[in-house]
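For reference, the structure is listed below as structure tokens.
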Amino acid sequence: MTTVYLHVGMPKCASSTIQGYFHRYDNRNRGAGFVYPKAGRSTGGYFNHEPIVHLNPEEIASLVQEIKAEAEGAKTVFISAEAFVNAYWDQPVTGNVIDELNKTFGAENVRLLFLFRNHFSFIESAFAQFLKGGLYRVHHGKFFRKTDGKIEDYCKVFRKANGFDFFDYARVIEAFRGFCQPENQIEVLSIERGDLETGDILNELCKKFDLAPPKDTAVKNARFPVKALLGLAYGIKQHGFRKIRPLRKGVADRFADAPDGFSSMLHIHGDFAETIAKRQRADAKYFKTKLGCDFPVMFTPKPVPQVPEDPKDEIQLTSEEMAWLDGYLSRP
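Dropping the structure here:
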């Protein structure tokens with residue numbers, strides 16, 4: 013019997029690494045009974061199943077039949093996209109997909125898979141992604157006009173608009189459980205190295221699905237130092253997100269060698285850190301009592317940086333750097 017995994021990819025939780033591997037080794041993995049469907053998979057970019065979220069119910073039903081034909085005789089089918097949760101969490105599309113998979117494969121053979129990371133690094137990475145490309149439907153212009161533009165403000169804006177915290181892992185899981193039948197299993201994994209037997213989430217999944225792990229080095233995303241992220245924030249405030257988006261790489265290159273350090277705009281600190289630690293404790297209890305699993309590294313608060321007494325000791329943009337950004341972003 014074929015088991016279908018719907019990977020509801022949390023942002024900044026290794027989704028692109030996993031999707032890239034399953035795409036590159038598609039043919040080899042099919043020989044091991046593992047199908048990463050071409051049906052519904054994007055033909056460029058991250059090679060994930062984001063196109064599915066744009067389909068209507070009739071198109072989803074047709075697509076699932078394509079997946080069934082493609083997966084004939086397979087042991088495992090793996091469908092993966094972040095869009096289910098990072099932009100369409102309140103839309104019926106995920107429920108429609110699960111319903112059609114249940115009808116076709118049987119609810120007892122359809123599972124949801126979530127990968128999570130430590131709340132502290134997750135929130136900081138999510139805010140960085142918001143600056144780089146947008147995330148969780150927060151509008152850049154309104155955000156910088158109406159708030160101080162800090163990481164805590166980002167979380168508050170999302171909560172005000174949606175009534176919950178995006179870093180409330182228990183709430184995320186329960187929301188998607190609402191799309192499921194009782195027979196649908198929900199599986200969770202931590203991507204934190206110390207929580208994994210293999211020390212690597214991709215190797216962990218390969219072990220889980222009896223696949224050969226990759227031998228090549230994974231491609232890493234372009235690094236954005238603290239100053240580069242501050243540069244993006246400055247650019248968005250002064251010139252707008254549409255102007256800066258195609259110029260992000262130039263900003264990253266300009267500050268590639270800049271030293272990293274603490275920024276009150278980008279890093280969790282103060283009372284907000286205790287708010288996150290409280291959420292961690294609640295999620296740890298939920299995972300243990302409702303899901304029967306424990307991830308010590310994921311649920312351990314990260315060391316909170318010491319806020320400098322003098323704001324000048326924070327990482328900040330200099331007047332010369334802001335002038336460079338204005339010139340670079342003002343080009344026709």
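Quick note: the sequence shown uses our numbering, first residue 13, plus one each step.
A virtual CB, placed ideally from N, CA and C, is assigned to each residue, including glycine.
Quick one, which of the options has its alpha-carbon nearest residue i's?
i	options	result
F126	V109, H35 and I91	I91
D111	A83, I72, Y100 and A86	I72
K297	A44, Y181 and Y33	Y181
R53	V89, K168, I135 and F170	V89
P49	M277, L208, L67 and Y17	Y17
L113	D283, T55 and K80	K80
K227	M22, Y37, G206 and F236	Y37
K300	L217, V316 and L201	L201
E195	K302, E120 and C25	E120
P320	S276, N60 and Y340	S276
A83	A99, E70, W101 and V47	V47
A173	G161, V150, A187 and R189	V150
Any idea if residue i is buried or exposed, counting beta-carbon neighbours within 10 angstroms, 16 or more meaning buried?
i	result
C305	exposed
E94	buried
A138	buried
Q31	buried
A140	buried
M22	buried
H19	buried
Distance check for residue j and residue i, CA to CA, integer angstroms please.
i	j	result
F191	T312	30 angstroms
K87	M310	30 angstroms
T29	E332	37 angstroms
L75	E326	52 angstroms
R157	H251	12 angstroms
V184	P344	43 angstroms
G57	G247	25 angstroms
E62	R257	21 angstroms
E164	G107	31 angstroms
C218	K115	28 angstroms
N68	H152	29 angstroms
A285	F132	8 angstroms
On the DSSP bridge list, what partners appear for residue i?
i	result
H19	S92 and L125
V150	For V150, which the question treats as bridged, DSSP gives no partner whatsoever.
E199	L125
L47	The amino acid occupying residue 47 in the given sequence is Val; Leu does not appear at that position. Paired residues: V89.
Kindly examine the ligand ZN and report whether one of its heavy atoms sits closer than 7 angstroms to the Cβ of residue i.
i	result
T301	Of the ligands one can find in the structure shown there are none, so the ligand ZN has no counterpart to examine.
Problem set entry | Segments assigned beta strand (DSSP E), at least 3 residues, entirely inside the region 53-129 | Runs found: 88-93 and 122-128.
Problem set entry | Complete runs of the beta strand (DSSP E) confined to the region 215-286 [at least 3 residues] | none
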